[in-house]
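Sequential numbering from 28 applies to the sequence shown in our numbering.
Notes for the one structure printed next.
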Amino acid sequence: MPDFGRLNAASGTIPPRANAKGSLTVFHRSIAVFAQAGNDLIVEHIIEEQSWADQLNILLGDLDVFRIGVHAPIEEIERRERDRGNRQIGEARYHLKTHGFCIYDLEVDTSEPIDQLADRIIAAWTHRRAPNRA
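Next up, the structure:
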């Protein structure tokens, strides 16, 4: 597994780019830097490849991470894709594979009413046993 280096939030230094997908690597590193600086974050991110999950696990390994898998029936995802009008048709189906790259603390289905989803997320966060490490 590649060594993405340790980030130094105190000095603000970020090691040189570790791979050809530099902007994604910088995005992943920025999550860690902001969290290491004491910020609580909510990050929406579709993890499209195993290498991305591996990189995040390394960078966030010492941090408290609570992962939520967000699902919906494929028919609903494809309807949303068409209705938005700014998505490439087929992108939603392609993203279904991403759930195989992560282990979630909680999984939700967005076809459920939003108030119920919010209650489930808050309850899961509140009743977790201990901080999770990436």
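Glycine included, every Cβ here is placed at the ideal spot set by N, Cα and C.
Extent of the continuous beta strand (DSSP E) to which L133 belongs: In this chain, the beta strand (DSSP E) harbouring L133 covers L133 to D136.
H72, DSSP secondary structure in three states: Note: H72 maps to coil in three-state DSSP.
Closer than 7 Å: G127 CB and nearest the ligand HEM heavy atom: As for the ligand HEM, it is missing from this structure, which has no ligand bound.
D132 beta carbon less than 8 Å from that of R155: D132 is positioned such that its CB atom lies closer than 8 Å to that of R155.
Beta strand (DSSP E) runs contained entirely in the stretch 101 to 157, provided each spans 3 or more residues: Look at the stretch 101 to 157 and you find these whole runs of beta strand (DSSP E), each 3 residues long or longer: 133 to 136.
Which of helix, strand or coil DSSP assigns to V97: Residue state, collapsed to three classes: strand.
Residues of its chain near E103, where Cβ-Cβ distance is below 8 Å and the 5 sequence neighbours each way are ignored: Taking C-beta separations shorter than 8 Å and ignoring five residues to either side along the sequence, the partners of E103 in its chain run T137 and S138, following chain order.
Supposed close pair C129, G96 - CB separation, criterion 8 Å: About 7 Å separates the CB atoms of C129 and G96; that is less than 8 Å, so the two are in contact.
Validate contact between the stretch 138 to 153 and the stretch 79 to 88 using beta carbons, cut 8 Å, 3 pairs: No: the two stretches stay apart, fewer than three of their Cβ pairs being nearer than 8 Å.
Span separating the alpha-carbon of I74 from that of G112: Computed Cα separation, rounded: 23 Å.
Beta-carbon spacing of H98, V135 below 8 Å: Yes, Cβ-Cβ distance for H98 and V135 is below 8 Å.
Beta carbon of R93 nearer than 8 Å to that of W152: Checking the sequence shown, residue 93 turns out to be Phe, not Arg. Closer than 8 Å, so yes.
Rounded separation between Q63 and E118 - CA only: Each residue's Cα considered, the two are about 33 Å apart.
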